[in-house]
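One structure is given below, encoded as structure tokens.
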Amino acid sequence: MATPLRYALIFLLWAMIAVIYAPLIPAALTLISPALSLTHWQALFADPQLPQALLATLVSTTIAAVGALLIALLVIVALWPGPKWQHMCARLPWLLAIPHVAFCHQRPVAVC
């Protein structure tokens with residue numbers, strides 16, 4: 154591609170990005186300014202439901218993380234070593250690529 158054309162296309166791309174994101178700048182400023190206000194933080198910490206909400210968040214997050222770890226370990230214990238494990242390792246990139254298409258990459262089977 155010719156250099157002047159490349160620079161023109163890059164400028165056009167940045168102009169399109171600016172047109173899309175420029176209206177969000179005032180909205181971001183109106184959202185950020187109350188977050189920096191001391192009165193809102195004082196109201197948050199004065200709320201009597203805050204400790205209960207933090208505890209509920211901590212408990213549910215811990216249960217989810219431990220549950221996911223247990224499920225993964227049960228699959229490994231059930232399939233390791235054997236032909237089913239090799240079969241799953243061969244299919245694993247495809248299984249992981251479906252929910253994460255943007256982050257799909259091929260792993261060598263020797264890693265499994």
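The opening residue of the sequence shown carries number 154 in my numbering; numbering runs sequentially from there. For every residue, glycine included, the Cβ atom is placed at its ideal position computed from N, Cα and C. Nothing here was measured: the structure is a model prediction, and the numbers come from that model.
Here the alpha carbon of TYR174 sits roughly 32 Å from the alpha carbon of LEU249. For secondary structure counted as the alpha helix (DSSP H) over 4 or more consecutive residues, the region 166-213 holds these complete runs in sequence order: 177-188 and 191-199. Between the alpha carbons of VAL230 and ALA180 lies a gap of roughly 51 Å. Look at ILE251 here: in three-state DSSP terms it is coil, with no helix or strand label. Take VAL172, set aside five residues on each side of it, and no residue of its chain has a beta-carbon closer than 7 Å to its own.
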